[in-house]
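**Q**
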Amino acid sequence: EPEVTQTPSHQVTQMGQEVILRCVPISNHLYFYWYRQILGQKVEFLVSFYNNEISEKSEIFDDQFSVERPDGSNFTLKIRSTKLEDSAMYFCASSLWVNSSEAPRTDTQYFGPGTRLTVL
Amino acid sequence: RKEVEQDPGPFNVPEGATVAFNCTYSNSASQSFFWYRQDCRKEPKLLMSVYSSGNEDGRFTAQLNRASQYISLLIRDSKLSDSATYLCVVCKSRAAGNKLTFGGGTRVLVKP
Numbered sequence: 001e002p003e004v005t006q007t008p009s010h011q012v013t014q015m016g017q018e019v020i021l022r023c024v025p026i027s028n029h030l031y032f033y034w035y036r037q038i039l040g041q042k043v044e045f046l047v048s049f050y051n052n053e054i055s056e057k058s059e060i061f062d063d064q065f066s067v068e069r070p071d072g073s074n075f076t077l078k079i080r081s082t083k084l085e086d087s088a089m090y091f092c093a094s095s096l097w098v099n100s101s102e103a104p105r106t107d108t109q110y111f112g113p114g115t116r117l118t119v120l
Numbered sequence: 001r002k003e004v005e006q007d008p009g010p011f012n013v014p015e016g017a018t019v020a021f022n023c024t025y026s027n028s029a030s031q032s033f034f035w036y037r038q039d040c041r042k043e044p045k046l047l048m049s050v051y052s053s054g055n056e057d058g059r060f061t062a063q064l065n066r067a068s069q070y071i072s073l074l075i076r077d078s079k080l081s082d083s084a085t086y087l088c089v090v091c092k093s094r095a096a097g098n099k100l101t102f103g104g105g106t107r108v109l110v111k112p
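Taken in order, these protein sequences are the chains called A and B. Take the first sequence: its position 108, counting from 1, is numbered 108 in this note's numbering, and each next residue is one higher. Take the second sequence: its position 35, counting from 1, is numbered 35 in this note's numbering, and each next residue is one higher.
1. For Gly97 of chain B and chain A, any beta-carbon pair shorter than 8 Å?
2. Could you work out which residue in B:Arg76, B:Asn55, B:Thr101 is closest to Leu87 of chain B when comparing CA atoms only?
3. Taking 8 Å as the CB-CB limit, is Ser83 of chain B close to chain A?
4. Count the other CB atoms within 10 Å of the CB of Tyr90 of chain A; is the residue buried (16 or more) or exposed (fewer)?
5. Check the Cβ of Gln109 of chain A against every Cβ in chain B and list those closer than 7 Å, keeping chain order.
6. Along chain A, which residues have their Cβ under 7 Å away from the Cβ of Pro44 of chain B?
7. In chain B, which residues lie less than 8 Å from Phe91 of chain A when you measure between Cβ atoms?
8. Would you mind working out which of A:Ile26, A:Asn51, A:Arg80 sits nearest Asp63 of chain A, comparing C-alpha positions?
9. Pick from B:Ser68, B:Ile75, B:Ser49: whose alpha carbon is nearest that of Val89 of chain B?
10. List, in chain order, every chain A residue whose beta-carbon is nearer than 7 Å to that of Gly103 of chain B.
11. Using a Cβ cut-off of 8 Å (strictly closer), state whether Leu80 of chain B contacts chain A.
12. Among residues of its own chain, excluding the 5 on either side of Val4 of chain B, which ones have a beta-carbon nearer than 7 Å to its beta-carbon?
13. Quick one: which chain A residues come within Cβ less than 7 Å of Ser32 of chain B?
14. Tell me where the beta strand (DSSP E) around Met89 of chain A begins and ends.
15. When the Cα of Ala29 of chain B is compared with those of B:Pro10, B:Ser93, B:Leu109, B:Asn65, which residue comes out closest?
16. Quick one: what does DSSP say Ser81 of chain B is sitting in, helix, strand or coil?
In C-alpha cells, the structure reads:
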C-alpha cells in the first residue's frame, strides 16, 4: 500500500539554526500538507500546497516557515531560524482530489510517520 | 469555544465491552468529518470517514448529528489492540486542499 514517507525521523538542532524537513507524498497525490503536534497537544494545521502554490496557511505558518516542491517527488518544510517553541512532531500529509460525484471519496489526507524536531 | 472538542478520557474498557464517545464541533458549515486513530508518538491514521446517514465498518460505528453538531464513535467487542487515542477531525469543505481541524483526542484503554 502506498504511503507517505518522511526524513529524518528525529532532528535535533540548536536555537536559531535552519532546518529542512523532507517528505515524499504518495505518488499520484496532488495536494500536500504540513501539520505539527507539540507533545501532549492536538495536531495543528500549518499549510497546504497545490500546483506549486500555497493553498492555505495557518497563523503558525509565519515568515520563518516556507515550503517547496523541489522536484517531482519531494515536499519540504523549512524553518529558517528555529525557536524552542518549534519543538514538535511535524507530520506531512497528502491527498488526491477527483471532482466527480461518482468517484470514490478522495479528500482523505494520509499522514507520514512524522519528524520529531527538538530545538535546544 | 474550541473548534473541535473531545472528552480526553481515558476510557477504561474491559476487553469485549462496548465503548462510545462523542465530539462536538463549533463550525456549523463544516462539510467533512473523520475519525482518526493515533498510537503513542505515531502519526494519525484514518479510521473512518463519517457520513450524514451514519456508517459502520466492522466493529466501529460512526454517527453524525448536524443539528446538534456532534459526531460519535462506538466500538463494539473491544480488543486490546483498540487501545489508542481517537481523534475527531472536521473539515470545512469536501474539496481537497482544506485544512483538517483536530480535536484533542479521546484516549481509550482496553484491559484484559
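C-beta: ideal position from N, C-alpha, C; glycine also. Everything numeric in this text was worked out from a predicted model, so none of it was measured.
**A** Per the coordinate set shown:
1. Yes, because at least one Cβ of chain A sits closer than 8 Å to the Cβ of Gly97 of chain B.
2. The shortest C-alpha separation from Leu87 of chain B is found at B:Thr101.
3. With 8 Å as the cut-off, Ser83 of chain B does not count as an interface residue toward chain A.
4. Residue environment for Tyr90 of chain A: buried (at least 16 other C-beta atoms within 10 angstroms of its C-beta).
5. Result: Leu100.
6. In chain order: Val43, Phe111.
7. Those within 8 Å of Phe91 of chain A in chain B are Glu43, Pro44.
8. For Asp63 of chain A, the nearest C-alpha among the options comes from A:Arg80.
9. Nearest option by C-alpha distance: B:Ser49.
10. Taking a Cβ-Cβ cut-off of 7 Å, the neighbours of Gly103 of chain B in chain A comprise Lys42, given in sequence order.
11. Put simply, the CB of Leu80 of chain B is far from chain A, with every gap to its CB atoms at 8 Å or more.
12. Once the five neighbours on either side are set aside, the close Cβ partners of Val4 of chain B are Cys23, Tyr25, Cys88, Val90, Thr101, Phe102, Gly103.
13. Residues of chain A whose Cβ lies closer than 7 Å to the Cβ of Ser32 of chain B are, in chain order, Asp107.
14. From DSSP, the beta strand (DSSP E) with Met89 of chain A extends over 88–95.
15. Checked all of B:Pro10, B:Ser93, B:Leu109, B:Asn65; the closest Cα to Ala29 of chain B is B:Ser93.
16. Secondary structure at Ser81 of chain B: helix, using DSSP grouped into helix, strand and coil.
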